[in-house]
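Asks: Sequence order for the protein chains is U and D. Here the first sequence stands for residues 5 to 119, numbered as in our numbering. Here the second sequence stands for residues 5 to 118, numbered as in our numbering. C-beta atoms are modelled at their ideal positions from N, C-alpha and C, and glycine is treated no differently. Quick caveat: nothing in here was measured; it's all calculated off a predicted structure.
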Amino acid sequence: DQQVKQNSPSLSVQEGRISILNCDYTNSMFDYFLWYKKYPAEGPTFLISISSIKDKNEDGRFTVFLNKSAKHLSLHIVPSQPGDSAVYFCAARGISGAGSYQLTFGKGTKLSVIP
Amino acid sequence: EAGVAQSPRYKIIEKRQSVAFWCNPISGHATLYWYQQILGQGPKLLIQFQNNGVVDDSQLPKDRFSAERLKGVDSTLKIQPAKLEDSAVYLCASSSQGVGAEAFFGQGTRLTVV
Chain U
5 DQQVKQNSPS LSVQEGRISI LNCDYTNSMF DYFLWYKKYP AEGPTFLISI SSIKDKNEDG
65 RFTVFLNKSA KHLSLHIVPS QPGDSAVYFC AARGISGAGS YQLTFGKGTK LSVIP
Chain D
5 EAGVAQSPRY KIIEKRQSVA FWCNPISGHA TLYWYQQILG QGPKLLIQFQ NNGVVDDSQL
65 PKDRFSAERL KGVDSTLKIQ PAKLEDSAVY LCASSSQGVG AEAFFGQGTR LTVV
């Protein structure tokens, strides 16, 4: 039962253009969403987050949009740079069966920015 | 600020052997997580500690996996006996306010079971 889905395993974008990474979720009780970036042989690094009460959060070149009715969020990177090439994970916060907050991750999307 | 430290970085063992991973979280972080990331998948939570108490271990295969966090700081994750399907990257993460505040990850331990 995959509650957080990233349906695109990979994405290639030209340097300077916009990168759009998508994420869908099924659990309407998720109340917080995060994006992580992961380089090879390193752990995931937090990038940006958004609360379920908002529809947009912006941080420099990175913007996350949330559409609660569609249970969909997206990460926009403008302009894309070669250093942005990495695997991007979408994560959502919910309550586990044990009653604690828990992050559920998608499978990730590998972004390649072509110089 | 020092990040989350994990060791070893890589480990190769034969099936049915045992293995242990170590994690030192960011100083002052009360919450510590162990995740398993199988190739091509996202990280999956195995166990969550708040200080030295277990908050959630519902996804930990307790017949072979165990974890402890003595004194609410360092943590170890053990697998005994290992199976081929345990081959994965084991990630440790910590956060200061529990989930919601971002979690900071270590570099992970890549385990290969042959």
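1. Going along the chain, which residues of its own chain have a beta-carbon closer than 6 Å to the beta-carbon of Phe69(U), five neighbours each way excluded?
2. So if I threshold CB-CB distances at 9 Å, which residues from the segment 20-43 of chain U count as touching chain D?
3. State whether the segment 92-105 of chain U contacts the segment 21-33 of chain U, with contact taken as three or more CB pairs (one from each stretch) at a distance under 8 Å.
4. Strictly below 9 Å CB to CB, what residues from chain U border Phe109(D)?
5. I want to know whether the segment 5-15 of chain D touches the segment 66-73 of chain D - three or more CB-CB distances under 8 Å.
6. For Ser56(U), list the residues DSSP reports as bridge partners.
7. Mind checking Tyr43(U): buried by the 16 CB within 10 Å criterion, or exposed?
8. Taking Phe93(U) as the query, report the chain D residues whose CB atoms sit under 8 Å from its CB, ordered along the chain.
9. In whole angstroms, give me the CA-to-CA distance for Arg20(D) and Lys48(D).
10. Nearest to Gly32(D) by CA position, among Gln84(D), Lys82(D), Asp78(D) and Gln52(D), is which residue?
11. Using 8 Å as the limit for Cβ to Cβ distance, is Gly112(D) near chain U?
12. Would a check of beta-carbon distances place Arg60(D) closer than 8 Å to chain U?
13. In chain order, which beta strand (DSSP E) runs of at least 3 residues are fully inside the segment 37-112 of chain U?
14. Considering only the alpha carbon of each residue, which of Thr108(U), Asp35(U) and Phe66(U) lies closest to His80(U)?
15. Under DSSP, the beta strand (DSSP E) around Arg114(D) begins and ends at which residues?
Replies: The short version:
1. Lys60 and Ser78
2. Asp35, Tyr36, Leu38, Tyr40 and Lys42
3. With the cut-off at 8 Å, the segment 92-105 of chain U and the segment 21-33 of chain U touch.
4. Neighbours of Phe109(D) on chain U, chain order: Tyr40, Lys42, Glu46, Gly47, Pro48, Thr49 and Phe50.
5. They do not touch, by the three-pair rule.
6. Paired residues: none, contrary to the question.
7. exposed
8. Gly46 and Pro47
9. 23 Å
10. Comparing Cα-Cα distances from Gly32(D) to each of Gln84(D), Lys82(D), Asp78(D) and Gln52(D), the minimum goes to Asp78(D).
11. yes
12. Residue 60(D) is actually Asp in this sequence, not Arg. Chain U, which has a Cβ nearer than 8 Å to the Cβ of Asp60(D), makes this yes.
13. 49-55, 60-63, 66-71, 76-81, 90-99 and 105-109
14. Phe66(U)
15. Thr113 to Val117
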